[in-house]
Each structure stands twice: as structure tokens, then as C-alpha cells.
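Those protein sequences? They're chains U and G, same order as listed. At the far end of the first sequence sits residue 890, using our numbering, and the numbering has no gaps. At the far end of the second sequence sits residue 499, using our numbering, and the numbering has no gaps. We treat Cβ as the ideally placed atom computed from N, Cα and C, and that holds for glycine. Keep in mind it's a predicted model, so treat the numbers as computed, not measured. What follows is a single structure, written as C-alpha cells, with notes after it.
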Amino acid sequence: MRTEDNIQIEGIMAFIDRDNIDTDQIIPTEYLKSIKKFGYEDYLFDGWRYLDEGKLGVSKTSRKLNNEFILNQPIFMTSKILLARDNFGCGSSREHAVWALRDFGIQVIIASSFGDIFYNNCFKNGLLPINLSRSVIDRLFQLSAQDAQLVKVCLQSRNIYLQGEEFSFNLEDDLADRIINQFDDIDISLKFADKISCFEQDRITKRPWIFYNE
Amino acid sequence: MHSTLYDKLWNEHFVTSFDSGESLIYIDRHYLHEVTSPQAFEGLIKKNIKPWRVDANIATPDHNVPTIRAKSFAIESIDDEISKIQVKELDKNCDLFGIKQFDIKSLNQGIVHVIGPELGYTLPGMTIVCGDSHTSTHGAFGCLAMGIGTSEVEHVLATQCLKISKLKNMRVNFEGIPSPDITSKDVILFLIRTIGVSGGNGHAIEFAGSYIENISMEARMTICNMSIEAGAKVGLIAPDQTTFNYLKRSSNLPRELLTDAIEFWSTLKTDPDAKFDKEITIDVSKIKPQISWGTSPEMVIDFDETIPSTSTRKENQKNFENARKYMGIKDEKKLSDLKFDRVFIGSCTNSRIEDLRDAAKVLEGKKISKKILQAIVVPGSGQVKKQAESEGLHSIFIDAGFEWRESGCSMCLGMNPDRLSPYERCASTSNRNFEGRQGNLGRTHLMSPKMAALTAIHGKVIGQ
Chain U
677 MRTEDNIQIE GIMAFIDRDN IDTDQIIPTE YLKSIKKFGY EDYLFDGWRY
727 LDEGKLGVSK TSRKLNNEFI LNQPIFMTSK ILLARDNFGC GSSREHAVWA
777 LRDFGIQVII ASSFGDIFYN NCFKNGLLPI NLSRSVIDRL FQLSAQDAQL
827 VKVCLQSRNI YLQGEEFSFN LEDDLADRII NQFDDIDISL KFADKISCFE
877 QDRITKRPWI FYNE
Chain G
36 MHSTLYDKLW NEHFVTSFDS GESLIYIDRH YLHEVTSPQA FEGLIKKNIK
86 PWRVDANIAT PDHNVPTIRA KSFAIESIDD EISKIQVKEL DKNCDLFGIK
136 QFDIKSLNQG IVHVIGPELG YTLPGMTIVC GDSHTSTHGA FGCLAMGIGT
186 SEVEHVLATQ CLKISKLKNM RVNFEGIPSP DITSKDVILF LIRTIGVSGG
236 NGHAIEFAGS YIENISMEAR MTICNMSIEA GAKVGLIAPD QTTFNYLKRS
286 SNLPRELLTD AIEFWSTLKT DPDAKFDKEI TIDVSKIKPQ ISWGTSPEMV
336 IDFDETIPST STRKENQKNF ENARKYMGIK DEKKLSDLKF DRVFIGSCTN
386 SRIEDLRDAA KVLEGKKISK KILQAIVVPG SGQVKKQAES EGLHSIFIDA
436 GFEWRESGCS MCLGMNPDRL SPYERCASTS NRNFEGRQGN LGRTHLMSPK
486 MAALTAIHGK VIGQ
């Protein structure tokens, strides 16, 4: 990792004790009508967060809040970390799910597994998905149940700290680097433009039917 | 080295690799629709980048388009102002970059995963991507096809490549002969309930076995379409004579090129000794019609089974309780105890000609129950609609009390005027029964077109 030491994210950890939280729950289809890349914070977990039905452009202040939902409780409104269980972000490929989490202020999601497409989308937007075993997730839920927890996630040491306990996680250097530096994959890939061109020329010769009529 | 079909497709498209373990994989075909593309085009414009290979891209609007529309229908007629902007944006971007689009007025417009194969744009051995998780559908042709996010849509437009890690290999063998009332929808729902919605995470699933060999391309597409509901973003089937016969009708390739292509496509299969990281075999002869009862595509039971109240996994018990509550299941023991309000036959899973024939066969000479508020059939494309009308299927549906619509994603996802009202219960041939998927607080039961037609007739779930 080539950046400054001790990159860390510190904040309140919210938790949703459910398996298979799909991207339709993270952000319902209605809000996918937007053509923008930002401004999704009010629509995060819309079906759980509000008691009434929302519409794109209708702000949070005119909605009926579900006070039982964790992100509506004052202390969790500024959560930076979210804890869930298996297969978080399964279902639709909508990157809007990541944008909504990011716009709300979530920077880290801790779960026992993730939907494959969602997992990839996270890294494109500086959101860190952390994969931990079910037993560690159980322990984190136990600790969370007592009170709102201030959690520290250190990207350099790959550790999560809370209540004096320490939990380690795995993350490729390159991916950590991407979270910290917000690299754009297009710039990285276009460095190989010559290679791509050569590959393409060869393919046109070898598999001409793919390029027929073009 | 013995390779799987997925390994072969991966190697065939490999450009270079990175220290991160990711690789650059060349993309042959890129499908676009109005929902997940505007931010990608905006990115290209900001960076002043042109699409790498314009002709690799094919676009059509499907998610937002109303399914009640006249031939003269123009984008201006979309009532929802925000949907209108999104469809217009696709028009604008396709014009700006010179991308081929089957627009809202085109006879070939339809659900992107239905029109791609039927117009010959999907060919075996291709890598195919689209900003839509049901892109796995195209794997039925022996393609490496997967759904991607909007940042990746932009990346593919800019570089003609995807920067991804290789998946693990999984094989599902479907063996045996199913009973006549079983469709490929029942078979894939049965798999999802068996391995769970995360059973295929991190894997590309190859579907094989005697059952797969004997079914049509339409049925294979239904299977691959829902591999994502089992957690696998890639589902694939080796091309064979059934595939080639379909392509002889759909593709525009000159005979000589097609002959060369078929020779190559015939090599696209897993080597006999190739190793899979996971493998399971399912006997399809024992499968009954499958219907979802809850809010996840793994919450599926036989049509006549008791609705479960406890999960086999302790941690999952909360999900079960939430699902029962959301679905309005209290004392009801069986699916046949539930009253249905709407019926939807359509979506990228089940809107092809074979699906409509299946449903029409059940409905011929029958009327839908008076308890059903609305039943709609939404063909997957203009071509499917035309074909169905030439066979007289539309008359069967209309006579039975169904509405016969224009093509689009319709009630699969509640993004256009076709939506459930709160607490309405729907028999749906779509792919996701998530909370709110078909409309806020709507209740979705996934099933085959045959079972949806039967539910329409009786107003409740019943066997044949």
C-alpha cells in the first residue's frame, strides 16, 4: 500500500440482523429513474425506513418515518459502518444501491458474504465490503446488541476494533489501495490500449462472425 | 490441462492480468437499456472518451416503457415525467454516440434479454455484458454472459473490456425425465430452493445433464436467466444441435461464415475430465410444480406443500418470520388457502413464445376467476407478440379475460405503470419476490406460466 499510514474509518456501527438483504431493499426501483450518480441518501432502505410510499424527488422531511428502523434512531443517523449477515446486496446489479449507502454516509459494510455484483460495485465507489466468518459476525451482533458501538476499521492493519476486541479481515493490497485513492479503473485499463487493440485485431481474423455486419 | 466451458471462454477472451488478481477480459457484445446507462454515458462525455467499438453495443428501452401503447406511441406520451426523461436520455445518448437502438416505436423493441438472442446478436462463444443482472440469460447459448454495474458499463464502453476476477466452477446436472406439467421454471426454482440464494456465489454455474440436452433454447434461457437468483452471476450451457438450429433461424450470418462458426462452436464444451469446485446432480423426475411463498427466491415449495413456519437454519428464522408477515400468511397452511388479486405473465424469465403457448394451452376455452382483479400477458418483444398473434394465442388470452399488452419489463419490477397496490397478491412468472419488487407492499408468488394460468382460472393455486 503506497499511501499514508493508518488509514482508518471510525464511526457508529448500525446493524440489520437479516440474511439476503437484496438491492431492491437497499434502494427500490422507483429511484432508479434518476439519471444522476448522487443524491440517493433519502431513499436508502426506503421500504423499511418509511411508513409511506416514496417517489423520486420527494424529500425525507415530508415522509412518515418508521421510528423502529435503526437508521431513524438519532444515534444511528450518522452511522459510517453497517453490519449484516449472509449474502448482503444480492439480486439486481443496480449500482444505485452502493450510491445510496455512500450518499447516506456508510463507508464500510461488514457481512458474512456479499452478492457478487454488489461486491464489485462497492470498490468502484470507495465503499469497503468486509467479509467475515459467521461466528465473528455473531460476536459482532452480540456486542452491538448492548449499545450503539463506536467502531474503528483500520485499512492498513486490516483490523476492526470495538470494545477492546480486535477482529482481523483480509483485503488485497490493490483493493485497499483503490478504496484509499479512489483510482478510476478506466485510466488503469486504458494504459493497455495497445494490447486491447492487438487482441481485437487477432479476434477479428480468428472469429469473423462476431464482427460481421460491423 | 482439462478445462471447463467457463475456463475456455475465459481464456479465449483474456487480454492481460493485474497484480490484484484481476484480468482484462475482452467483451464481444454489450447490451444497454435506459436505467443503468445514463450515468455511464455522462462519464464518457465528461472524460471526452468515445466508445471503443460502437458496433458492439445494442440498446433498447424496456424497464420504463408503458405496455399499453398505440403503434403511433411516442416517448412524449409516457405519463411519468421522470420515466420519460430516462427513455429520452437513451435516445439522446444513442444518437450522440451512434449506437444502434431499437427504440420505443420499433417492431423489434422488447426486453433486452429477449431481443438479443432472437435478433441474432447473441452468438455462442461470446462474452456478453449488460447493466442488468439477468444478462446471465445469454449463457444458454454457451456465452460468458453477466450483469454489471454502471461503472462497469462505462468501463466496457470506454475500453471494450471488463476488469474482473475469475470465478470458480460449479456444475449442476439435471438428470431424468420430468412429468408433463413441469417446465424449466419449476426446475430452476427447485434448484434455488435446494442450494439457496447464495449457493452459487463466487461461481459460474454450468447446467448440464440429459434434461438440459432435451429442452428448447427458450427453456434453457429461463434456466440461465435465474442463475443469478441462486447467487451465480454467470450461468451457461454448452451449445449443441438445438442451439445451432435456433441460430440458423435467428442469425443473419452468410452460410459460409455460419458453417465456420458452427465448427468452432461445436468445440465449446467442458472436457470430460475437467474438475469443478462444486457439483450437484438433481433428479428432475421427482420435481412437482414449484411456487414461492416468501420474499426470497429460495422460499419455494411444491404447489401442494405446507407453507413452512420455521427455517432449517436458526439465524435465518427472523427472515422466515418477516417473510410470513410481509406476505400476509397467518393461519393459512397451504398456498391454495391464499386468495390472489392479479396475474402477470411476462418478464425476461418467461415472456418468450413457448411460455405464451404453455399458458394459452391451459387457458383455451376457459375464463379467469371473477376474484382476479386483473390478469395481463406481456410478450417479451415485438417479435414474440407478432408470432403469438399469428398463432392466434392473443385471442385465447383475451377471450379468457387477460389483457394483451405491448412488450416491456412490465410488472416484474414496478418501474412503469404496471404495479401492484399495497397488499395485493400476484401470481407472477417473473424472477424476484423481494419485498416491494412489484410495487410497494405488493405480494409476489413466483411460478411457471402454466401455474400462473391455472391460478388465473381458479383465483387460487391449484394443481392440473
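Query	Result
Integer-rounded CB distance, given that G/Gly160 should sit under 8 Å from G/Ile93	Not really, about 17 Å apart at Cβ, beyond 8 Å.
Burial state of G/His48 (16 or more Cβ within 10 Å)	buried
Extent of the continuous beta strand (DSSP E) to which U/Glu848 belongs	Note, U/Glu848: premise wrong, no beta strand (DSSP E); not H, not E.
Where U/Gln749 falls: helix, strand or coil (DSSP)	coil
3-residue-minimum beta strand (DSSP E) runs that sit fully inside the stretch 228-289 of chain G, ordered along the chain	238-243, 269-271
Beta-carbon proximity list for G/His148, same chain, < 6 Å, skipping 5 on both sides	His169, Thr172, Cys383
Which of helix, strand or coil DSSP assigns to G/Met362	coil
Contact list for G/Cys196 against chain U, beta-carbon separation under 7 Å	Ser865, Ile872
Length at least 4, wholly inside the stretch 98-183 of chain G: the alpha helix (DSSP H) runs in chain order	116-132, 147-153
Within 8 Å, strictly: CB atoms of U/Leu803 and U/Val774	yes
Min CB distance U/Glu680 to chain G below 8 Å	Confidence is the limiting factor: at U/Glu680 the pLDDT is only 48, short of 50, which leaves the residue's position unreliable, though a coordinate-based value still follows. For U/Glu680, the answer is no, since every Cβ of chain G falls outside 8 Å of its Cβ.
Chain G residues whose Cβ lies nearer than 7 Å to that of U/Tyr888	Leu288, Leu292
Inter-residue spacing [alpha-carbon to alpha-carbon] between G/Ile433 and G/Ser445	18 Å
Close beta carbons around G/Asp306, own chain, < 8 Å, minus the five adjacent residues each side	His37, Ser38, Thr39
Spatial neighbours of G/Gly381 in its chain, beta-carbon cut-off 6 Å, leaving aside the 5 residues before and after	Val413, Ser445
Any C-beta of chain U under 8 Å from that of G/His190	yes
Residue interval of the alpha helix (DSSP H) (run including G/Ser430)	428-435
Residues, ordered as in the chain, of the stretch 111-143 of chain G that lie near chain U by beta-carbon distance below 8 Å	Asp115, Ile117, Ser118, Ile120, Gln121, Glu124
Where U/Gly687 falls: helix, strand or coil (DSSP)	strand
8 Å CB neighbourhood of U/Leu747 in its chain, flanking five on each side removed	Ala690, Leu720, Phe721, Arg725, Met753, Ser755, Phe780
Pick from G/Glu111, G/Glu241, G/Asn468, G/Arg387 that is closest to G/Val335, judged by C-alpha positions	G/Asn468
Beta-bridge pairing of G/His37 - partner residues as DSSP gives them	Answer is none; G/His37 lacks a bridge partner.
DSSP three-state assignment for G/Pro215, whether helix, strand or coil	coil
Any C-beta of chain G under 8 Å from that of U/Gln877	no
Beta-carbon neighbours of U/Glu848, restricted to chain G and to distances below 8 Å	Ser55, Gly56
Cβ-based neighbour list, G/His493, same chain, cut-off 7 Å, excluding 5 preceding and 5 following	Ser404
Touching by the beta-carbon criterion (3+ pairs, under 8 Å), the stretch 84-104 of chain G and the stretch 50-57 of chain G	no
G/Ser186 (DSSP reduced to helix, strand or coil)	helix
Neighbour flag for G/Ser445 against chain U, beta carbons, 8 Å	no
Whether G/Phe225 touches G/Ile322 by CB criterion (8 Å)	yes
Residue range of the unbroken beta strand (DSSP E) whose run includes U/Leu758	757-759
G/Gly174, buried or exposed, once every other Cβ within 10 Å from all chains shown has been counted against 16	buried
Buried or exposed by the 16-neighbour rule on C-beta atoms within 10 Å, applied to G/Arg64	buried
Alpha-carbon to alpha-carbon, G/Ala395 and G/Glu438	13 Å
8 Å Cβ shell around U/Asp728 - same chain, five flanking residues per side excluded	Arg739, Lys740
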